[in-house]
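These notes are about the structure you will find just below.
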Amino acid sequence: MRCFSQKSGTVIDFDFSALSTAPDVQRALALAFARRTAPGGGLNAVQSFRISFRVARLFSDYVSALPSPPLHMADVTAQHIDGFHASRGHISCAPMELGALKALLLRADGIGEALRAKLHEANPPFVASGEGKSSYSRAEFKRIADAARSDLRAAAARIRSNRALLARFRAGELADPDRRLELLDWVDRTGDVPRYERKYRQGTNIKAWVQQGRYGSVADVIRWAHLDGFEASAGAVLLAVMTGENMSVILDTPAAHHRADGYTGDAATAILDTYKARRGARAYMNLVLSQVPDWISIPAEPQALSVRDELHTPFGLYALLLELTARSREITGSDRLLLGYHWTGGHSGLGRGFRVPPGHKCFATWADRHNLRSDALDSQGRAVPLAVAAGRIRLTYLQLHQKPVAHTETTLVRDYLGRDRGNLQEYRGVVAAALADQVDTARTRAAMDVISPAELEQASSDPEAIAASHGVDAATLQQLARGELDTVMNACIDHENSPHAPAGQPCRASFMTCLECPCARALPRHLPIQVLVHDRLAARRAVMPPLAWVQRFSVPYAQLADLLARQDPLDVAEARANPTPAQRDLVERFVNRELDLR
Numbered sequence: 195m196r197c198f199s200q201k202s203g204t205v206i207d208f209d210f211s212a213l214s215t216a217p218d219v220q221r222a223l224a225l226a227f228a229r230r231t232a233p234g235g236g237l238n239a240v241q242s243f244r245i246s247f248r249v250a251r252l253f254s255d256y257v258s259a260l261p262s263p264p265l266h267m268a269d270v271t272a273q274h275i276d277g278f279h280a281s282r283g284h285i286s287c288a289p290m291e292l293g294a295l296k297a298l299l300l301r302a303d304g305i306g307e308a309l310r311a312k313l314h315e316a317n318p319p320f321v322a323s324g325e326g327k328s329s330y331s332r333a334e335f336k337r338i339a340d341a342a343r344s345d346l347r348a349a350a351a352r353i354r355s356n357r358a359l360l361a362r363f364r365a366g367e368l369a370d371p372d373r374r375l376e377l378l379d380w381v382d383r384t385g386d387v388p389r390y391e392r393k394y395r396q397g398t399n400i401k402a403w404v405q406q407g408r409y410g411s412v413a414d415v416i417r418w419a420h421l422d423g424f425e426a427s428a429g430a431v432l433l434a435v436m437t438g439e440n441m442s443v444i445l446d447t448p449a450a451h452h453r454a455d456g457y458t459g460d461a462a463t464a465i466l467d468t469y470k471a472r473r474g475a476r477a478y479m480n481l482v483l484s485q486v487p488d489w490i491s492i493p494a495e496p497q498a499l500s501v502r503d504e505l506h507t508p509f510g511l512y513a514l515l516l517e518l519t520a521r522s523r524e525i526t527g528s529d530r531l532l533l534g535y536h537w538t539g540g541h542s543g544l545g546r547g548f549r550v551p552p553g554h555k556c557f558a559t560w561a562d563r564h565n566l567r568s569d570a571l572d573s574q575g576r577a578v579p580l581a582v583a584a585g586r587i588r589l590t591y592l593q594l595h596q597k598p599v600a601h602t603e604t605t606l607v608r609d610y611l612g613r614d615r616g617n618l619q620e621y622r623g624v625v626a627a628a629l630a631d632q633v634d635t636a637r638t639r640a641a642m643d644v645i646s647p648a649e650l651e652q653a654s655s656d657p658e659a660i661a662a663s664h665g666v667d668a669a670t671l672q673q674l675a676r677g678e679l680d681t682v683m684n685a686c687i688d689h690e691n692s693p694h695a696p697a698g699q700p701c702r703a704s705f706m707t708c709l710e711c712p713c714a715r716a717l718p719r720h721l722p723i724q725v726l727v728h729d730r731l732a733a734r735r736a737v738m739p740p741l742a743w744v745q746r747f748s749v750p751y752a753q754l755a756d757l758l759a760r761q762d763p764l765d766v767a768e769a770r771a772n773p774t775p776a777q778r779d780l781v782e783r784f785v786n787r788e789l790d791l792r
């Protein structure tokens, strides 16, 4: 079966006749694989093709070794699925393999209903081996960024200088006694050195004048006008540092873009179309690169840094890479941003030429050349080598910025921040300090005035006294009692004289600010809403980055907790147990900010 990669156009063949299972099962698995790799089937990259085929082969090997192997797909049972997973239990990626097998078998013809139900069951959770992934310290993160910037600055100076010389040479302004500029012109136009055309060993024979000219190696000469593979890797590293995107998105960054700023001279912004295959129907995304400095990875004294420094803004970095790789793209016809010259193909068999850095290994190879050191010390007190990995760079970005990148806040908390084994204690200290500050802020602000059930009952006989004790007149008290002044969690006695709006103008502040507004009055009927909002804010804590929750919700949460503490515990318990559907719907809309003025 022949499959085509959607991203790269690479063609790869898979032979299902080599599977060790029965012929009918072979054909069923082949057909399921064809559906899985077809457009819209969920798999569209070479690596994902290989994973699915490998799982099909492993499953075939397992069932064919059983005493009574299945001869048809109808013979495959839930016990076969459990047995296969148990046989792979010693492998850390067993849950992933099980998921890939289920996705494949669900597209097979002839499976029974019991098996189909089994295939729809949730997969066991992935359990990371070892100590788990850890983020870099801020100093380590900056060390990585500085090394990448150093590489790109040197490359920019070299290529720009040579392009200026080449322009003068082509204009007839410079002599070329040693033919160096002639060679530069050739490299700029072709991306290679002059070679003899011979019948045998095609393209490997460098012309004699180039070999005898002492210009350096072929790779050195190509670097006169183009980035090499290590410099392209430096660009990938710095893009990861400044955007927090996945490695696949970084390496596939396109050169085509849209200038959202319209070249107006304001903060430049480029919007790129990117692709993250495993997101399925949501795989296509926009990556926004702005001319706003990334203050996390800049020098310790930001005032010494010009905001126009091209390597300290995502847009500046993108624009520089676009410039430095422009000729490489013209030569190859590629639409990729991160093109570099590779003088060997490594284990890929691709040979020399321009291409995108080779996956995750490019980070480690690049780091080895810089001999970067971590903050950790060995037994002799020496700094140990700093292992540079795309996943750790992404984790560090998320830890420092506390915002999701191409995923949800739930995924950010559960799969990234919750598993970080790096600066956990430091981060907890930051969150604790922020929480204490926000709680102190809540305590210094005015508490909402509460009208108790007893006071409402007394108001029927002495409305003036009760009204005066709550800063309103008797007529306003009657409006409060009838619910004519209700907002969400309370009533408002004068929305045109709010401290949050000019005098005489309707208040446009969020209903959440009512918790500290002198115009707010809470009555017994508001208690269920207050309890629901309090509980929803508490629930948000589990699915948001801790620091983000503290900054956004800790003050209203503390104010609501104080408000509920002033109520009878039995009343609070009853309000929590018996909210109406209308109250639940109102709170849902309120917490999701559907009631805010836009």
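Using my numbering, count along the sequence shown one by one with no gaps and you end on 792.
In this text, a Cβ means the ideal position worked out from N, Cα and C, and glycines have one as well.
Note that this is a predicted model, so its numbers are computed, not measured.
Using the Cα positions of residue i and residue j, report the straight-line distance between them to the nearest angstrom.
{"i": "Asn356", "j": "Ala350", "result": "10 Å"}
{"i": "Ala648", "j": "Pro712", "result": "22 Å"}
{"i": "Asn177", "j": "His720", "result": "The structure shown has nothing for residue 177, since the chain only spans 195 to 792."}
{"i": "Leu499", "j": "Thr507", "result": "Because the pLDDT at Leu499 is just 41, under 50, the model does not fix this residue reliably, and the value given afterwards should be weighed accordingly. Taking the straight line from one Cα to the other gives about 11 Å."}
{"i": "Ala653", "j": "Val666", "result": "12 Å"}
{"i": "Arg301", "j": "Val443", "result": "28 Å"}
{"i": "Leu515", "j": "Arg352", "result": "14 Å"}
{"i": "Val737", "j": "Ala759", "result": "25 Å"}
{"i": "Pro318", "j": "Pro289", "result": "6 Å"}
{"i": "Asp779", "j": "Pro693", "result": "29 Å"}
{"i": "Ser286", "j": "Phe227", "result": "24 Å"}
{"i": "Pro598", "j": "Ser568", "result": "26 Å"}
{"i": "Ser329", "j": "Arg408", "result": "46 Å"}
{"i": "Ala675", "j": "Leu650", "result": "8 Å"}
{"i": "Ser344", "j": "Gly293", "result": "43 Å"}
{"i": "Gln745", "j": "Val725", "result": "21 Å"}
{"i": "Trp489", "j": "Arg248", "result": "Bear in mind that a pLDDT of 48 at Trp489, under 50, signals an unreliable position, so the number given afterwards is only what the model happens to contain. Near 44 Å, if we compare the C-alpha coordinates of Arg248 and Trp489."}
{"i": "Glu788", "j": "Ala454", "result": "28 Å"}
{"i": "His451", "j": "Ala250", "result": "40 Å"}
{"i": "Ala280", "j": "Ala558", "result": "34 Å"}
{"i": "Ala669", "j": "Cys686", "result": "14 Å"}
{"i": "Leu589", "j": "Thr447", "result": "20 Å"}
{"i": "Ser491", "j": "Ser331", "result": "Any reading at Ser491 must be qualified, since the residue scores a pLDDT of 49, below 50, and its modelled position is unreliable; no value is offered."}
{"i": "Tyr457", "j": "Ala767", "result": "59 Å"}
{"i": "Ala361", "j": "Asp379", "result": "9 Å"}
Would you mind giving the Cβ-Cβ distance between residue i and residue j, rounded to the nearest angstrom? I have them listed as a contact below 8 Å.
{"i": "Arg794", "j": "Thr538", "result": "No information on residue 794 is available, as it lies outside the stretch 195 to 792 that the chain covers here."}
{"i": "Leu754", "j": "Val781", "result": "Actually they are not in contact, since the Cβ atoms of Leu754 and Val781 sit about 12 Å apart, beyond 8 Å."}
{"i": "Leu135", "j": "Pro750", "result": "No answer is possible for residue 135: it lies beyond the span of the chain, which begins at 195 and ends at 792."}
{"i": "Arg389", "j": "Ile400", "result": "6 Å"}
{"i": "Thr468", "j": "Phe509", "result": "15 Å between Cβ atoms; not a contact."}
{"i": "Leu505", "j": "Arg347", "result": "7 Å"}
{"i": "Pro657", "j": "Leu679", "result": "Incorrect: roughly 15 Å between the Cβ atoms, too far for contact."}
{"i": "Gly575", "j": "Lys327", "result": "Not confirmed; about 26 Å, so no contact."}
{"i": "Leu377", "j": "Val415", "result": "6 Å"}
{"i": "Val582", "j": "Leu571", "result": "Not quite, the Cβ-Cβ distance comes to about 18 Å (not below 8 Å), so this is no contact."}
Cβ of residue i within 8 Å of Cβ of residue j?
{"i": "Met270", "j": "Leu223", "result": "Note that residue 270 is Val in the sequence shown here, rather than Met. Cβ atoms of Val270 and Leu223: not closer than 8 Å."}
{"i": "Ala716", "j": "Leu757", "result": "yes"}
{"i": "Ala449", "j": "Arg373", "result": "no"}
{"i": "Leu421", "j": "Tyr535", "result": "yes"}
{"i": "Met683", "j": "Ile723", "result": "yes"}
{"i": "Leu252", "j": "Glu291", "result": "yes"}
{"i": "Gly236", "j": "Ala333", "result": "no"}
{"i": "Ala697", "j": "Leu532", "result": "no"}
{"i": "Leu466", "j": "Leu481", "result": "yes"}
{"i": "Ala513", "j": "Ser484", "result": "no"}
{"i": "Pro263", "j": "Ala216", "result": "yes"}
Could you tell me which of the options sits nearest to residue i, measuring between CA atoms?
{"i": "His564", "options": "Arg576, Ala759, Leu580, Pro551", "result": "Leu580"}
{"i": "Pro233", "options": "Pro217, Leu260, Ser199", "result": "Ser199"}
{"i": "Ser214", "options": "Asp255, Asn684, Ser573, Glu307", "result": "Asp255"}
{"i": "Glu690", "options": "Val682, Thr468, Gln699", "result": "Gln699"}
{"i": "Ala705", "options": "Ala419, Leu764, Pro718, Thr681", "result": "The question names Ala, but residue 705 in the sequence shown is Phe. Nearest option by C-alpha distance: Thr681."}
{"i": "Asp643", "options": "Asp562, Leu571, Gln761, His595", "result": "Gln761"}
{"i": "Ala413", "options": "Glu391, Ala430, Gly385, Ala428", "result": "Gly385"}
{"i": "Asp765", "options": "Gln777, Pro718, Asn440", "result": "Pro718"}
{"i": "Gln220", "options": "Val257, Ser242, Val205, Asn480", "result": "Val257"}
{"i": "Thr526", "options": "Leu589, Val381, Ala513", "result": "Val381"}
{"i": "Gly178", "options": "Ala714, Ala577, Ile587, Ile245", "result": "The first residue shown for the chain is 195 and the last is 792, placing residue 178 beyond what the model contains."}
{"i": "Val785", "options": "Arg734, Ala771, Met267", "result": "Arg734"}
**OP:** Take every Cβ of the segment 426 to 443, pair it with every Cβ of the segment 324 to 339, and state whether three or more of those distances are shorter than 8 Å.
**Re:** yes
Original post:
Do the segment 403 to 415 and the segment 361 to 368 touch if we need at least three Cβ pairs shorter than 8 Å?
Top reply: no
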